[in-house]
Amino acid sequence: DSGVTQTPKHLITATGQRVTLRCSPRSGDLSVYWYQQSLDQGLQFLIQYYNGEERAKGNILERFSAQQFPDLHSELNLSSLELGDSALYFCASSSGTSVTSSTDTQYFGPGTRLTVL
Amino acid sequence: GQQVMQIPQYQHVQEGEDFTTYCNSSTTLSNIQWYKQRPGGHPVFLIQLVKSGEVKKQKRLTFQFGEAKKNSSLHITATQTTDVGTYFCAGPMDSNYQLIWGAGTKLIIKP
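Protein chains in written order, with my numbering: chain A, 97 to 213; chain B, 247 to 357.
Here is the structure:
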């Protein structure tokens, strides 16, 4: 158990809909990362938040947005869903103590499996 | 753009055989991290290498970071069924320090 929690575990929805995925980081971790993993593929970095502020953006679509709240939990909002958005969405957290975060170990949650029909 | 390539994509081995996955970056990396993802699970951090030419061992796993800090390898000696999973390498991007991930090598143990 990494200490990172994600809800829900599974989500089935229809094209065009909007969903919200939730993540609670490990106690004390200030950084939250979101990743997308399509079937049998690698991890695509979407976005990072540090202590409530966006720190870095990766290949995140305009239809997707995220935020980190004062209690450090984070939400990833996916809208106008398409079939191709079906994937595993992982949240990870790290202490964020290194200036660049590049040496921080990331602790992953169990993921949310999104299926768009 | 900056890339991290990992080969092979899959490797089938008999239990007891050795396994190696290779990671190559298009640019010099300040560090490289290795993660393991079990089937149906999430990535779990294994190790981080920082120094040029560094070699680290964890029981049957040996990790190497190349002299030029552009490549790395993970070698597992005498694989066991518990080693099954996908092994990912990841290194920080120059532009925003975010980790860029290799595509992973899936280790499959043949019965």
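Glycine included, each C-beta is placed from N, C-alpha and C at the ideal position.
Determine the chain A residues that contact residue i at a beta-carbon separation under 9 Å, and present them in chain order.
i, result
"residue 347(B)", "131, 138, 139, 140 and 141"
"residue 334(B)", "138 and 139"
Tell me whether residue i is buried or exposed, calling it buried when 16 or more other Cβ atoms sit within 10 Å of its Cβ.
i, result
"residue 135(A)", "exposed"
"residue 212(A)", "buried"
"residue 126(A)", "buried"
"residue 285(B)", "exposed"
Hey, does residue i have any beta-carbon neighbour from chain A nearer than 8 Å?
i, result
"residue 350(B)", "yes"
"residue 291(B)", "yes"
"residue 258(B)", "no"
"residue 294(B)", "yes"
"residue 277(B)", "yes"
Taking 8 Å as the CB-CB cut-off, is residue i touching chain B?
i, result
"residue 204(A)", "yes"
"residue 165(A)", "no"
"residue 186(A)", "yes"
Kindly list, in the order they appear in chain A, the residues whose Cβ is closer than 7 Å to that of residue i.
i, result
"residue 344(B)", "141, 144, 152 and 154"
Given a cut-off of 8 Å on the beta-carbon distance, is the pair residue i and residue j in contact?
i, j, result
"residue 114(A)", "residue 174(A)", "yes"
"residue 186(A)", "residue 165(A)", "no"
"residue 351(B)", "residue 252(B)", "yes"
"residue 111(A)", "residue 177(A)", "yes"
"residue 191(A)", "residue 138(A)", "no"
Could you have a look at residue i and say whether DSSP puts it in helix, strand or coil?
i, result
"residue 350(B)", "coil"
"residue 168(A)", "coil"
"residue 331(B)", "strand"
For residue i, go through chain B and note every residue whose CB falls closer than 7 Å to its CB, in chain order.
i, result
"residue 207(A)", "288"
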